[in-house]
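I have placed the structure first, in the form of structure tokens, so that the comments after it can refer back to it.
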Amino acid sequence: MATLASLADARSVRRGQIASYPSGVILPAAQPPTKRRRLEQVSATRCSASAAHSQGGSDNHAVSRVLREAERAAKDVQRALQHIHELPSARPPGQELPPVLQSAMSIVIYAAAATLLLASHAHSRQAQWLFAAVAGVSMGLYSRKKGYVSTSGAIAAACVGFANQASSIRAPVTLFAFFLSSSKLTKLKEELKSDTEDFKAGGQRDWKQVVCTGLIPTVLAVLSGHQAGFVDLPLGAAAHRAYTALMGGFLGYFACCCGDTWASELGQLSQQQPRLITTFRPVRKGTNGGVTWLGLGASVAGGLFMGLVFWASALASPSLRAQPPLHSAAVRQWSLVLVGALSGLFGSLLDSLLGATVQYTGFNMKTQKITGKPGPDAGE
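Rendered as structure tokens:
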């Protein structure tokens, strides 16, 4: 089916008309849900809620049920309006590739970037730093284009990317794996994650969030690179104690962050009601300190993923492959994967504990959402 040429044509589609084009092709109009009908449903359910409320305290359960139905209807309206822009008739022709080709292109781009990274580290220090500068800028532009970060976030991401890619092989690969996986999970079923006021569709990060996430590991990566001569070394050797401490902190940091991020993004999709980590009482979804089994499992998986990436990237490092004894020592350090898994779980549990004991959590009666800010409309 051919697509329409503009959003103006999409409006004719919503009226149920037939759109004709200079090419002579006549397309049947798409029929998305009627906005007026959805709004009438919302109005009707809210009127029902008011009527139920007037019957007295005995109908509190009915009021709650009708209000939930009204909230679901409102979300249906929002999704229906968003769906109009996603219809084939609302997209200009030739602007998007099929998903299979998009995935194939992404794989080719990632493989090419990995090849260039390895080649630059195998060539010379100058080539290593030149590639780091180009790759850092490319990383910022790519992140901005994909909507992962804002403009200020893209600039910060370019600086962080340069510093990490200049230091070693482990650092940029681990950083990019965390960044990419977290961004993908943020966008996963985001329509089901709108129960909190802090929710932002697309999950764009600005420079403050990028710096808060990337400053500490970047400092660790640069210091460890200086200690090792900007190459990779196996961890644990007596001669490399400072390097081991710095890179161990680097792995632990990203494993904790990844475990907490995966737990937050996937835990919200759990069908199980969250329980407060301190008292185990049931709480609403989005409550600070609430945990589910899915979220805890995701935290272990996130840390395990970081440990696996950290360990495997060292095996491909040209500096280690050029020295068989050092490479063999790095191969035997598979226990770093388990360290990552435990760090991921620890990071998630620590964040939940702080959320339950330090952070404020309330329910905004006006927006019907979880809020982290006290106010006149917020209740416990």
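In this text, residue positions in the sequence shown follow this note's numbering: the first is -17, and each later residue adds one.
The beta-carbon is built from N, C-alpha and C at its ideal position, and this holds for glycine as well.
For A153, same chain residues with a beta-carbon under 6 Å away, outside a window of 5 residues either side, are N146, A203 in chain order.
At the C-beta level, V265 and L258 come within 7 Å of one another. The continuous alpha helix (DSSP H) containing R107 extends over residues 107 to 128. Taking 7 Å as the cut-off, the Cβ atoms of L167 and E53 do not count as close. The criterion of a C-beta distance shorter than 7 Å is not satisfied by S149 and D214. In this chain, the alpha helix (DSSP H) harbouring H309 covers 306 to 313.
Sorting G285, V313, L335 by C-alpha distance to the C-alpha of A323 places G285 at the top. When C-beta atoms of the segment 128 to 136 are compared with those of the segment 313 to 333, fewer than three pairs fall below 8 Å, so the two segments do not count as touching. Rounded to the nearest whole angstrom, the C-alpha separation of I198 and C239 is 12 Å. P216 is a Cβ neighbour of L308, given a cutoff of 7 Å.
Counting every other CB atom within 10 Å of its CB across the protein chains shown gives V321 a total of 16 or more, marking it as buried. Bounds of the alpha helix (DSSP H) holding G279 are 275 to 297. Between the segment 228 to 242 and the segment 278 to 296 there are three or more inter-stretch CB-CB distances shorter than 8 Å, so the stretches are counted as touching. DSSP lists no beta-bridge partner residue for R303. Unbroken alpha helix (DSSP H) runs of no fewer than 4 residues, entirely contained in the segment 187 to 258, are found at 189 to 210, 223 to 249, following chain order. For N146, the secondary structure class from DSSP, reduced to helix, strand or coil, is helix. In the three-state reduction of the DSSP assignment, V131 falls in the strand class.
Selection L251, A296, V82 evaluated against T274 yields L251 as nearest (Cα-Cα). Sixteen is the threshold: since fewer than 16 other Cβ atoms of the shown chains lie within 10 Å of the Cβ of A304, the residue is exposed.
Here the alpha carbons of L99 and L162 stand approximately 17 Å from one another. With a cutoff of 7 Å on beta-carbon distance, M121 and G143 are scored as near each other. Spanning the alpha carbons of A109 and F292 requires a straight line of approximately 23 Å.
With 16 or more neighbouring CB atoms inside 10 Å of its own CB, M229 falls in the buried class. The residues F144, in chain order, have a CB closer than 7 Å to that of A115 in the same chain once the five nearest residues on each side in sequence are set aside.
Within the same chain, Cβ atoms closer than 6 Å to the Cβ of S164 are found at T243, the five residues on either side in sequence being excluded.
Where L318 is concerned, the enclosing alpha helix (DSSP H) starts and stops at 317 to 339.
From the listed residues Y92, G218, G234, L83, the smallest Cα separation to Y124 is found for Y92.
Taking all protein chains shown into account, H105 has fewer than 16 neighbouring C-beta atoms within 10 Å of its C-beta and is therefore exposed.
The bridge partners DSSP lists for P264 are R257. In its chain, beyond the 5 residues on either side, Y342, G344 have a beta carbon closer than 8 Å to the beta carbon of P356.
Classified as buried, I151 has 16 or more neighbouring CB atoms from the shown chains inside 10 Å of its CB. 7 Å or more divides the Cβ of G289 from the Cβ of V313. For P154, the enclosing alpha helix (DSSP H) starts and ends at 152 to 169.
Residues of the same chain with a CB within less than 8 Å of the CB of S102, apart from the 5 flanking positions on each side, are A109, Q110, L112, F113, A114 in chain order.
Looking at the DSSP output, G272 bridges to L258.
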